[in-house]
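The structure appears below as structure tokens.
There are 2 protein chains.
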Amino acid sequence: MAPVKVFGPARSTNVARVLVCLEEVGAEYEVVNIDFQAKEHKSPEHLARNPFGQIPAFQDGDVVLFESRAIAKYVLRKYKSADADLLREGNLKEAAMVDVWTEVEAHQYNPAISPIVYECLVNPAMRGIPPNQKVVDEALEKLKKVLDVYEARLSKTKFLAGDFLSFADLNHFPYTYYFMATPHAAVFDSYPHVKAWWESIVSRPSVKKLSANMPTKAP
Amino acid sequence: MAPVKVFGPARSTNVARVLVCLEEVGAEYEVVNIDFQAKEHKSPEHLARNPFGQIPAFQDGDVVLFESRAIAKYVLRKYKSADADLLREGNLKEAAMVDVWTEVEAHQYNPAISPIVYECLVNPAMRGIPPNQKVVDEALEKLKKVLDVYEARLSKTKFLAGDFLSFADLNHFPYTYYFMATPHAAVFDSYPHVKAWWESIVSRPSVKKLSANMPTKAP
């Protein structure tokens, strides 16, 4: 069976969201780089994969997908095993909790943490632009409110959806990994359960392997 | 069996997202209003349902959920039937296409259409603030680019995920319904396949019933 293909640079947060799922289920895959400087993301070949001209895109034979969370779910369903059932769709209640915290990542956590990563890492390294402190401060306030909720949750259950690792947890890896390379990483020290949860994620072999290819400094 | 409970005003877009799923599967449900003026959304009772103090929340016996898309999926799984299989999780490829277009609604369509609804309907009616034309114009440009992709997609398949109605389509009802009451509704006239798709959604009994309680003008 030919390995599935993921289109986009492995260092991108949305690509890493898919790759961590492929690693967790032990699937064979190939990363096909998309060169943004050469505008490959707007090429007819890539637009046929993703009509919005974004990354990642994904191919498994005649199945061509885009949107990182949709691709990740396809991967987790296709390669589901007793050792790796990260959506729990066979259990109505567990699946619902995975969905709740997957949506929380998308609509609460991500909007708070991503501006900090952009201002403190991406803009300085890629565009030579210093961080906009007002944007960073507002996002930090937002993030702390989100982390209050996470701390309460993770003081009751080992992982977000319950006492089992799920897609909801893995989704937090890419942005949190980059956030930990900003000058604001110490924010997590005030949230001991969140910090222990993050340490359990970042020490997973899948995350260690992928983060080796996610540089936090300009080359 | 006691009917499930949905907490939040039925006219809210995120509440309507859940209600349309309940209607489509024919489930018994009760809407419990949350009075924002009385700050009921920040009450201990509501924070126990949704720690972010937002709406909707949902209760089915001991299952308490928040985040509208997660609640909707729980409803669609629980009440799935041969007549109403709106997630298609039994079919790897179909489920993936439902997920792709569900994510497109969340991350492409919604961010483009919602500012227009806020500026043209919500702010004037609720706060007496006139629309910010710059915000509206930018969102309209964004929306047209999204509709270009939808037009291409819907010229090939009857619905977004394929030739079957799915959760991905239903998700578009609340904001599109309100958008059609703004002065910019005619934008859809340039996209004949999108318009026909929207007309097929808005003529569904579920949507007709719910939209009767979704006022487009200030009381």
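Sequence lines, in order, name chains G and S. Counting with our numbering, you get residues 1 to 219 for the letters of the first sequence. Counting with our numbering, you get residues 220 to 438 for the letters of the second sequence. Ideal placement from N, C-alpha and C gives every residue a C-beta, glycine not left out. Everything numeric in this text was worked out from a predicted model, so none of it was measured.
Partners in chain S for residue i, counting only beta-carbon separations shorter than 7 Å
| i | result |
| --- | --- |
| Pro51 of chain G | Val368, Ala371 |
| Glu89 of chain G | Glu308 |
| Val63 of chain G | Lys312, Ala315 |
Within 8 Å, strictly: CB atoms of residue i and residue j
| i | j | result |
| --- | --- | --- |
| Glu247 of chain S | Glu103 of chain G | no |
| Ile348 of chain S | Phe398 of chain S | no |
| Leu389 of chain S | Val239 of chain S | yes |
| Ser155 of chain G | His184 of chain G | no |
| Ile55 of chain G | Ser12 of chain G | yes |
| His41 of chain G | Gly26 of chain G | no |
| Leu76 of chain G | Arg296 of chain S | no |
| Val146 of chain G | Ala112 of chain G | yes |
| Tyr74 of chain G | Ala315 of chain S | yes |
| Ala380 of chain S | Trp320 of chain S | yes |
| Ser195 of chain S | Glu243 of chain S | For chain S, the structure presents residues 220 to 438; residue 195 of chain S sits outside this window and is missing. |
| Ser114 of chain G | Tyr191 of chain G | no |
| Leu47 of chain G | Phe58 of chain G | no |
| Ala371 of chain S | Pro215 of chain G | no |
| Leu305 of chain S | Leu384 of chain S | yes |
| Ala235 of chain S | Phe392 of chain S | yes |
| Leu340 of chain S | Ala405 of chain S | no |
| Glu89 of chain G | Glu264 of chain S | no |
| Tyr254 of chain G | Val136 of chain G | As shown, chain G starts at 1 and ends at 219. That puts residue 254 of chain G outside it, with no answer to give. |
Paired residues, beta bridge with residue i - DSSP
| i | result |
| --- | --- |
| Ala276 of chain S | S:Phe226, S:Phe285 |
| Val32 of chain G | G:Phe7 |
Contact list for residue i against chain S, beta-carbon separation under 8 Å
| i | result |
| --- | --- |
| Leu19 of chain G | Within 8 Å Cβ-Cβ: nothing; Leu19 of chain G doesn't reach chain S, min ~17 Å. |
| Tyr74 of chain G | Leu311, Ala314, Ala315, Asp318 |
| Gln233 of chain G | A query on residue 233 of chain G cannot be resolved here, the shown segment of chain G reaching from 1 to 219 and no further. |
Per-residue contacts from residue i into chain G (C-beta, under 8 Å)
| i | result |
| --- | --- |
| Arg288 of chain S | Asp99, Glu103 |
| Phe285 of chain S | Val100 |
Residue burial classification, residue i (beta-carbon count within 10 angstroms, cutoff 16)
| i | result |
| --- | --- |
| Arg69 of chain G | buried |
| Glu119 of chain G | buried |
| Asp99 of chain G | buried |
| Asn252 of chain S | exposed |
| Pro222 of chain S | exposed |
| Asp163 of chain G | exposed |
| Met345 of chain S | exposed |
| Phe255 of chain S | exposed |
| Gln352 of chain S | exposed |
| Asp60 of chain G | buried |
| Ala358 of chain S | buried |
| Ala387 of chain S | buried |
Contact set between residue i and chain S, taken where Cβ atoms lie within less than 9 Å
| i | result |
| --- | --- |
| Arg77 of chain G | Glu308, Leu311, Ala314, Ala315 |
Check: residue i C-beta below 7 Å from any heavy atom of the ligand ZN
| i | result |
| --- | --- |
| Ser430 of chain S | Of the ligands one can find in the structure shown there are none, so the ligand ZN has no counterpart to examine. |
Between the segment 244-260 of chain S and chain G, which residues of the former have CB atoms less than 7 Å from a CB of the latter, in chain order? Hits within the stretch: zero.
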